[in-house]
Ligand SMILES: Cc1ncc(C[n+]2csc(CCOP(=O)(O)OP(=O)(O)O)c2C)c(N)n1
Ligand SMILES: [Mg+2]
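Residue numbers (the working numbering): 665 to 1247.
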């Protein structure tokens, strides 16, 4: 068939060639995307440059995959999507990376300049569409802008001076075909920046260290901003004697069985600690917005981070230390963080409480009775999966009730889930990306049946790209947590929450993956073993929809007014009434 537009001569230095060359020089060896005419010149050059293109079945998956790679490696993930619907499909992934503060670059095309604004194919205001969820947006129209704007976009994604996150750049297709001249290329822009390590002033460090030393009951809470500070954080916990919560954003930074970690005592330590040190962590809904209704009213906060949201969102720190998290922790250690009058009894009692609760939980795991539908309890499935998780295993969880169960039950040091956006559908793409990024590590994803449906076609991507992940679908025939919410909160008026009868093993087989349907707990170990051997593989596991997860019981699905959890919401309302005083 005759091409309608003559491509620039293969091998000539076009703008598209320059973009691909930039990616190569920045160490990008894999991108995720879905093809389209508007981006074809880049697509072609990227492939010719030797960069692997993982071609997906929906653009949101490309962005999720770029995010998972970025989260697992700490370096830039790249997605390439076409104009118009390619970008609108990508938008959910971009929003997720924004909330997760994951460094990703999203590249798109747009209609040729001579047709812009004339009703061209796929012509929508792309930059405007993604601006609120991107760290930087560049809509490039000139050859000599290509390299500087690409460089600036990557810098914004990597979070130089701002939180890391998604950054977006697009080019009109005619510009991508233009041949560049030497004047368009400033060689220095290819070079990656050497990251600067901003350290707070000595004065600020001394004041914060003095505050910490005054604390008696110390609690450290880390977040995404602490991902690179494993050693320093461990040293800080050891020296200060603080207890520790990671709230999943920074899972693995401190080992799950670290003596300071008290995840099962979360509510108690939040309520009783008098010195809270947040490390690269926002005080978002998972941390009750730092509210004195939930934390102790006399608690003081020391906040470490690189961006204003980590330093002061919702609750100003009594000390706020802006700087590289590892360097700041090191400086604090040097200044001295041993509490003058530590409440050792409190620390021990919290640890004992955590130990007891954890032991009870572990002992009970997998022993829950089946539902009246005779399907197994989701915890039975998770207990079986746990047997296949080693120190290197990458675990992904996605769903409603099943996510809540999995977050607590699965003993994985490397763990990804939908995060603070609550973005269902990340499970399959995250696992595909994890398996491609770390082909020698086990990757197991546990995914609700509803959530699986949102990205089910990416099983095909796994098959084609050889991503050896195991996808375990917890099939309760329902959007379970929402169903539970309707049962309890809306008088059992069930609307749009049942998904009965779907056989996801057959879907996976149809897409070329190894798959089995499992209905009996005793069949799980053998099936998981076979799945790992034959990955990519899917296990469609029948679980009961009657199980109520902690997230459901805590009221997360009911979306209370002032706080995310019901008990916090009630406390918050009491505080507001008390503060308003007698009427
Ligand atoms: C993209 C998206 N759509 C809808 C929701 C609302 N939602 C949250 S949990 C949930 C149910 C998830 O069902 P499933 O994945 O089957 O897990 P289960 O609760 O059944 O274990 C829904 C619909 C969401 N968080 N994200
Ligand atoms: Mg379900």
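Note that CB positions come from ideal geometry on N, CA and C, so glycine has one too.
Once the 5 residues before and after residue i are set aside, which same chain residues still bring their CB inside 6 Å of it?
i	result
residue 839	679
residue 967	942, 975, 981 and 984
residue 751	745, 772 and 790
residue 1145	1064, 1065, 1216 and 1221
residue 1206	1039, 1139 and 1183
residue 748	786 and 788
residue 905	1006
residue 705	680, 840 and 841
residue 1060	1080, 1091, 1094, 1095 and 1109
residue 950	911
Once DSSP output is grouped into helix, strand and coil, what is the label at residue i?
i	result
residue 683	helix
residue 747	coil
residue 772	strand
residue 678	strand
residue 965	strand
residue 1246	coil
residue 716	strand
residue 665	Low confidence applies here, because residue 665 scores a pLDDT of 46, under 50, leaving its location unreliable and the question unanswered by this model.
residue 1121	coil
residue 1164	coil
residue 1053	coil
residue 1016	helix
residue 860	coil
residue 1137	strand
residue 1060	strand
residue 1112	strand
residue 1204	strand
residue 766	coil
residue 995	helix
residue 890	helix
residue 844	coil
residue 741	strand
For residue i, collect the residues of the same chain with a Cβ closer than 8 Å to its Cβ; drop the 5 residues on either side in sequence, then sort them by chain order.
i	result
residue 665	With a pLDDT of 46 at residue 665, under the threshold of 50, the modelled position of that residue is not reliable, and no figure is offered here.
residue 1167	1181 and 1204
residue 780	774, 787 and 836
residue 903	997, 1001 and 1002
residue 850	811 and 812
residue 993	893, 896, 897, 899, 900, 943 and 968
residue 1111	1060, 1061, 1062, 1063, 1066, 1091, 1092, 1135, 1136, 1137 and 1138
residue 962	938
Are there 16 or more other CB atoms within 10 angstroms of the CB of residue i, so buried, or fewer, so exposed?
i	result
residue 682	buried
residue 1025	exposed
residue 879	buried
residue 729	buried
residue 827	buried
residue 934	buried
residue 1031	exposed
residue 693	exposed
residue 1016	exposed
residue 830	buried
So the beta strand (DSSP E) residue i belongs to, where does it begin and stop?
i	result
residue 1157	Counting along the chain, residue 1157 falls outside any beta strand (DSSP E), and DSSP gives it neither H nor E.
residue 1079	1078-1080
residue 694	694-697
residue 835	830-836
residue 942	939-943
residue 802	800-803
residue 908	907-909
residue 728	Note, residue 728: premise wrong, no beta strand (DSSP E); alpha helix (DSSP H) at 723-737.
residue 985	983-986
Check for me: the alpha helix (DSSP H) holding residue i runs from which residue to which?
i	result
residue 868	866-878
residue 975	972-976
residue 703	That residue, residue 703, is in no alpha helix (DSSP H); it is neither H nor E in DSSP.
residue 934	930-936
residue 777	Neither: residue 777 is in no alpha helix (DSSP H) and is coded neither H nor E.
residue 895	894-904
residue 788	Residue 788 -> no alpha helix (DSSP H), and no H or E assigned at all.
Which same chain residues, not among the five before or five after residue i, have their C-beta less than 7 Å away from its C-beta?
i	result
residue 1115	1062, 1063, 1088, 1089 and 1091
residue 1189	1048 and 1051
residue 1069	1042, 1043, 1046 and 1213
residue 853	811, 812 and 815
residue 738	891 and 892
residue 1105	1056, 1057 and 1058
residue 930	909
* Asked: Residues with a Cβ closer than 6 Å to any heavy atom of ligand 1, in chain order?
  -> After applying the 6 Å Cβ criterion, the set is 1063, 1064, 1065, 1066, 1086, 1087, 1088, 1089, 1112, 1113, 1114, 1115, 1138, 1140, 1142, 1143, 1144, 1145 and 1146.
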